[in-house]
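Undergrad: The structure is given below, and queries will be raised subsequently.
2 protein chains.
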Amino acid sequence: MSPTWRDRAAALPDRVSIREVGPRDGLQSEDPIPTADKIRLIDALSGTGLSRIEAVSFVHPRAIPQMADADEVWNSITRADGIRYSALAPNLRGARRALDAGFTEIEVVVSASDTHNRNNVRRHTEESLDELTEILAVLREAGARSEVIVATSFGCPYEGDVPVSRVASIIDRVVTDGADRIAFGDTTGMATPRRVAELLDVVRGAHPDIPLLLHFHNTRGAALSNVLVALEYGITEFDASVGGLGGCPYAPGASGNLATEELVHMLHDMGIETGVDLDALLRVAELAETLVDRELPSGVLRAGPRTRLTPKPDGL
Amino acid sequence: MSPTWRDRAAALPDRVSIREVGPRDGLQSEDPIPTADKIRLIDALSGTGLSRIEAVSFVHPRAIPQMADADEVWNSITRADGIRYSALAPNLRGARRALDAGFTEIEVVVSASDTHNRNNVRRHTEESLDELTEILAVLREAGARSEVIVATSFGCPYEGDVPVSRVASIIDRVVTDGADRIAFGDTTGMATPRRVAELLDVVRGAHPDIPLLLHFHNTRGAALSNVLVALEYGITEFDASVGGLGGCPYAPGASGNLATEELVHMLHDMGIETGVDLDALLRVAELAETLVDRELPSGVLRAGPRTRLTPKPDGL
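Residue numbers (the UniProt record's numbering), protein chains in the order written: chain A, 1 to 316; chain B, 1 to 316.
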C-alpha cells in the first residue's frame, strides 16, 4: 500500500526558495532588448514576492551581446529590501567586474561535459576548474557568496549522458575549493526524473550539508516532474524564468527555462510556500511577453491558474 | 534518508499501456481534416508499436463535425493484429452505432461537474448516470468492454475544484452498474500531483481491482509530474495524443493533451516498457503536424529525444 497524499506532503519541504533567472538566463537567449526594458522587467519582478533574482551576467559583449549593459542595468534598477540579487560570471575577469559592481552573491560556471565546456569557453573542464580555484578564493576574500553552476549535469547535447561520477568529482573539487553552494544546470533540457534521482543519490550522500539548487529547462516537457523528484530529496532551491523566457540554442522552437509561474502554480497547490504572489507574477509574465515580442511557452500564462474560472455559458 | 532511485524504480510498474487518443480527442479539437488524412494518421500510428488506439467517436455531427466520418474512417483503416481499437460514445445512440460498426471496446463519458455535464450534453450528471446504467447494460449484453470516462475529475473550468467524494460516488455508481474500466479525465488540465494523489487515495481504497486509466492534459505544464505520481500509485494505463494533438477549448493557445512521445520518452528513460518505437512515433508526430498544418506543442517532437546528439562544432 503506497503512502497517502497526506503522508507524502508531510515528507516534502514546507517552503521553496525560487531564484528568478529570466533577466539573465532568459534574456541572454532572446533577441536583445533595450536597457530600459530590462530595468523595467527586473523592477517588476522585485514586486512579486520573489526573494532572489539573477539580474545580469558579466560576460564579454562579443560572446553575449544581450548582457553588454550589465553595469547600467544593475545601477539603474530599484533594489528592493529583502531581495538577494546575484550576477553570473563566466571567468575571473567577470567575477572581478561583479565584485566591483557591488554584488555579494556571484554564480560561476563550469560544464561537466568537456566538449560543452570547450565550446563555451574554449578550454577543457579541468582548466576551468583550475581557474575556479582562483575565482573562489577571490570571492571568499571579498566576502561574497559563491555558487558553482555545473552545466550539462544531466547530459550534454554533444556527448550525450554525462556520468554521475564525473559530476560528483567536480562537486568534490569545488567544495574543497570553498564553493558556498552548488547548482546543477539542465542546460539543454536532458534531465529526467531518473537522472535527477541518480545524481542526488550520489551528491547528497557525499555532501549532505552544502546547499544545492536545481535549474531545469522544460525542453522535453519533464521540468515539473524533475522538480517533484527533487522535492522528495529535500531540495528547496530552484531556478525558474518568468514566462519561460529563454530559448534553447540547440533546438529552435523548443521551450527553454522552466516558467516561474508553472513552478509556483504547482508548489502552491501542493501547500508549499514560495512567498510569490502568483497573480503579480503573471502580470510580469505578460510584460515579459510584450518586451520580447513573442509568445512565451508558459502554460499557466496562457491558460491562467487552475483556480481561475471560466464564466458559465448562458443558461447554465 | 529518502530511498534511492534504484529503490524507487523497483516500486514502479515495469510496463505501461498507452492508449493513443490523437485521432479522436486530438482531432476533435483541431480544424477538420479530410477523411483520407485521418485514415493515414491511424494507419501510421498502427505501425509504431502502440497497442491501443482510440480511433473515432460516434457523436452527432452537429456537436462535433470533426467526427462526422467516423464510420468511413473505421471501415477504411487497416486494422493491425494485436492493436485494440476503441470508440467513444457520448450517449446510447452513439453506443449502438459503435456496436453496429463492430467495436468491442467502447468509452462512454460523464462529467463529475454538473455544470460541465449540462454544458456538454444538456442534462444533469445524475441524468447522465441514469442513461449510463442503460448503456452499460447494452454494452455488456453485446459482449463489448465498457470504460466510463469521468470528465473534469480534477476540476471544472466553471465550478473549480470538484470534491473527490463526488468523483468517488460516481465511480461507486458506475462500478455497480457494471463498468469494466474507469478513466479519469483531466479535461482542461487542472490536475496536479496533489489532486492525482488525493483522488487515487480514495478510489484505490474503494475499488482495488477495477482497471484505472488516467488522461492528462498539459495545459499548465504538469502532465508528466501527474504521470509520475500516478505511477507511484501503480497506475499502468495512460492516454496520450501524438504530437500533443488537440487544443483546449477554454484556453486558446494553451497546449492540450499530453504528447504521446513526451510520455514514452520519460517512461523509457525510467526503464518502463511501452512497446512503442519512439523514432517511429516521432515520424507520425511530424505527419500529424503536417496534417493539421500547425506547430504542435510536443517538446520531444521539437527538440528530439535526449539521446539525439547535436554534431560537435568545428574544431572540438
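Note that CB positions come from ideal geometry on N, CA and C, so glycine has one too. From a predicted model like this one, the values you see are computed outputs, not experimental measurements.
Would you mind giving the Cβ-Cβ distance between T274/B and H268/B, rounded to the nearest angstrom? I have them listed as a contact below 8 angstroms.
TA: Here residue 274/B is taken as the residue at index 274 of the second sequence, counted from 1. Here residue 268/B is taken as the residue at index 268 of the second sequence, counted from 1. The pair is a contact, with the Cβ atoms about 7 angstroms apart (cut-off 8 angstroms).
Undergrad: Taking a Cβ distance cut-off of 9 angstroms, strictly less, list which residues of the stretch 270-288 of chain B are near chain A, in chain order.
TA: Residues M270, G271.
Undergrad: Would you please verify whether the beta carbon of E198/B is less than 8 angstroms from any beta carbon of chain A?
TA: By one-based count along the second sequence, residue 198/B stands at place 198. Interface residue, yes.
Undergrad: Rounded to whole angstroms, what's the CA-CA distance from V203/A to S153/A? Just pull it up for me.
TA: What you label residue 203/A is simply residue 203 of the first sequence in a count that begins at 1. What you label residue 153/A is simply residue 153 of the first sequence in a count that begins at 1. Distance between the alpha carbons of V203/A and S153/A: 12 angstroms.
Undergrad: Compare the Cα-Cα distances from residue 368/A to each of S46/A, D114/A, L278/A, L92/A and report the closest residue.
TA: Not covered by the structure: residue 368/A. The range shown for chain A is 1 to 316.
Undergrad: To which residues of the same chain is E237/B closer than 6 angstroms at the C-beta, ignoring the five residues directly before and after it?
TA: If you number the second sequence from 1, residue 237/B lands on position 237. Result list for E237/B: S17, L213, in chain order.
Undergrad: Along the chain, where does the beta strand (DSSP E) that runs through A181/B open and close?
TA: Your numbering for residue 181/B matches position 181 in the second sequence. Note that residue 181/B is Arg in the sequence shown, not Ala. That run of the beta strand (DSSP E) goes 181-185.
Undergrad: From I33/B to A288/B, what distance separates their C-alpha atoms?
TA: Against the second sequence, residue 33/B aligns to sequence position 33. Against the second sequence, residue 288/B aligns to sequence position 288. Near 11 angstroms, if we compare the C-alpha coordinates of A288/B and I33/B.
Undergrad: Where does V148/A sit, in a helix, a strand or coil, going by DSSP?
TA: Here residue 148/A is taken as the residue at index 148 of the first sequence, counted from 1. Correct three-state label for V148/A: strand.
Undergrad: Answer yes if the stretch 113-120 of chain A comes into contact with the stretch 139-147 of chain A, meaning at least three C-beta pairs across the two stretches below 8 angstroms, and no otherwise.
TA: As far as the Cβ criterion goes, the stretch 139-147 of chain A does not touch the stretch 113-120 of chain A, which means the pair count is below three.
Undergrad: What residues in the stretch 222-235 of chain B bring their beta carbon closer than 9 angstroms to a beta carbon of chain A?
TA: Listed by position along the chain: A222, A223, L224, S225, N226, V227, L228, V229, E232, Y233, G234.
Undergrad: My output table needs one value for I18/A: the three-state DSSP class, helix, strand or coil.
TA: In the first sequence, residue 18/A corresponds to position 18, counting from 1. Three-state result, I18/A: strand.
Undergrad: CB-CB under 6 angstroms to I64/B, same chain, minus the five flanking residues each way: which ones, in chain order?
TA: As a position in the second sequence, residue 64/B is number 64, starting the count at 1. Here the set comprises Q28.
Undergrad: Among the residues of its own chain, which have a CB less than 6 angstroms from the CB of A230/B, if the five just before and after it don't count?
TA: Counting from 1 along the second sequence, the entry for residue 230/B is found at position 230. The answer, listed in chain order, is V196, L214.
Undergrad: Output, in sequence order along the chain, the residues in the stretch 36-52 of chain B whose CB is closer than 8 angstroms to any CB in chain A.
TA: Those residues of the stretch 36-52 of chain B that come within reach of chain A (Cβ to Cβ, closer than 8 angstroms) do not exist; the list is empty.
Undergrad: What are the start and end residues of the beta strand (DSSP E) that includes V162/B?
TA: Here residue 162/B corresponds to residue number 162 of the second sequence, with the count starting at 1. Segment: none, V162/B is in no beta strand (DSSP E) and carries neither H nor E.
Undergrad: Taking the alpha carbon of V73/B as the point to measure from, which residue in K38/B, G102/B, R97/B has its own alpha carbon closest?
TA: Counting from 1 along the second sequence, the entry for residue 73/B is found at position 73. Answer by Cα proximity: K38/B.
Undergrad: Determine whether the beta carbon atoms of A259/B and A280/B lie at a separation below 8 angstroms.
TA: Within the second sequence, residue 259/B is the residue found at index 259, counting from 1. Within the second sequence, residue 280/B is the residue found at index 280, counting from 1. No.
Undergrad: Tell me the DSSP bridge mates of G54/A?
TA: Counted from its first residue, the first sequence places residue 54/A at position 54. Inspection of the sequence shows that residue 54/A is occupied by Glu rather than by Gly. BP columns for E54/A point to S86/A.
Undergrad: List the whole-angstrom C-beta distance separating N91/B from E131/B, where the pair is believed to meet the contact cut-off of C-beta under 8 angstroms.
TA: For this step, residue 91/B is matched to residue 91 along the second sequence. For this step, residue 131/B is matched to residue 131 along the second sequence. Contact flag correct, Cβ pair sits at about 7 angstroms.
Undergrad: So which of D201/A, M190/A, A206/A, G243/A has the shortest CA-CA distance to G221/A?
TA: Taking the first sequence and counting its residues from 1, the one referred to as residue 221/A is at position 221. Among D201/A, M190/A, A206/A, G243/A, the Cα nearest to that of G221/A is on M190/A.
Undergrad: For the structure I just gave you, are there three or more beta carbon pairs, one from the stretch 116-128 of chain B and one from the stretch 48-56 of chain B, closer than 8 angstroms?
TA: The answer is no - the stretch 48-56 of chain B does not touch the stretch 116-128 of chain B, with fewer than three Cβ pairs under 8 angstroms.
Undergrad: DSSP three-state call for I106/B: helix, strand or coil?
TA: As a first step, residue 106/B must be located in the second sequence, where it is residue number 106. Looking at I106/B - three-state DSSP - the assignment turns out to be strand.
Undergrad: Which residues in the same chain have their Cβ closer than 7 angstroms to the Cβ of I135/A, if we skip the five residues on either side of it in sequence?
TA: Here residue 135/A is taken as the residue at index 135 of the first sequence, counted from 1. Once the five neighbours on either side are set aside, the close Cβ partners of I135/A are L92, A95, V108.
Undergrad: Quick one, which of P61/A, V292/A, V162/A, F58/A has its alpha-carbon nearest D31/A's?
TA: Counting from 1 along the first sequence, the entry for residue 31/A is found at position 31. Nearest C-alpha to D31/A: V292/A.
Undergrad: By the 10 Å Cβ neighbour count, where 16 or more other Cβ atoms means buried, how is T219/B classified, buried or exposed?
TA: Your numbering for residue 219/B matches position 219 in the second sequence. The residue is buried, with at least 16 neighbouring Cβ atoms inside 10 Å.
Undergrad: Name the chain A residues whose beta carbon is nearer than 8 angstroms to that of Y85/B?
TA: Stepping through the second sequence from its first residue, residue 85/B is reached at position 85. Near Y85/B there are no residues of chain A at all, since even the closest Cβ is about 27 angstroms away, more than 8 angstroms.
Undergrad: Please work out which residues of its chain come closer than 8 angstroms, Cβ to Cβ, to Y158/A, disregarding the five sequence neighbours upstream and downstream, and give them in chain order.
TA: Stepping through the first sequence from its first residue, residue 158/A is reached at position 158. Cβ within range, chain order: S113, T115, H116, N119.
Undergrad: Does the Cβ of A80/A lie closer than 7 angstroms to at least one heavy atom of the ligand PLP?
TA: Because no ligand of any kind appears in the structure shown, any question about the ligand PLP cannot be addressed here.
Undergrad: Run the CB neighbour count on G143/B, radius 10 Å, all protein chains shown included, and call it buried at 16 or more, exposed below.
TA: As a working mapping, residue 143/B is identified with position 143 in the second sequence. Its Cβ having fewer than 16 others within 10 Å, G143/B is exposed.
Undergrad: Pull the bridge partners of F154/A from the DSSP assignment, please.
TA: Here residue 154/A is taken as the residue at index 154 of the first sequence, counted from 1. Answer is none; F154/A lacks a bridge partner.
Undergrad: So if DSSP puts H215/B in a beta bridge, which residue, or which two residues, is it bridged to?
TA: Locating residue 215/B in the second sequence gives position 215, counting from the first residue. BP columns for H215/B point to G185/B, D239/B.
Undergrad: Can you pull the chain B residues whose beta carbon is under 8 angstroms from the beta carbon of R93/A, in chain order?
TA: For the purposes of this step, residue 93/A is taken as the residue at position 93 of the first sequence. Near R93/A there are no residues of chain B at all, since even the closest Cβ is about 23 angstroms away, more than 8 angstroms.
Undergrad: For the candidate residues Y233/B, M67/B, R181/B, whose alpha-carbon lies nearest to that of I210/B?
TA: Residue numbering aside, residue 210/B sits at position 210 when the second sequence is read from its first letter. Among Y233/B, M67/B, R181/B, the Cα nearest to that of I210/B is on R181/B.
Undergrad: Does the beta carbon of M67/B come closer than 8 angstroms to any beta carbon on chain A?
TA: Residue numbering aside, residue 67/B sits at position 67 when the second sequence is read from its first letter. Cβ-Cβ to chain A under 8 angstroms: no for M67/B.
Undergrad: Quick check on D201/A - is its C-beta less than 8 angstroms from some C-beta in chain B?
TA: Stepping through the first sequence from its first residue, residue 201/A is reached at position 201. Output row for D201/A: interface = yes.
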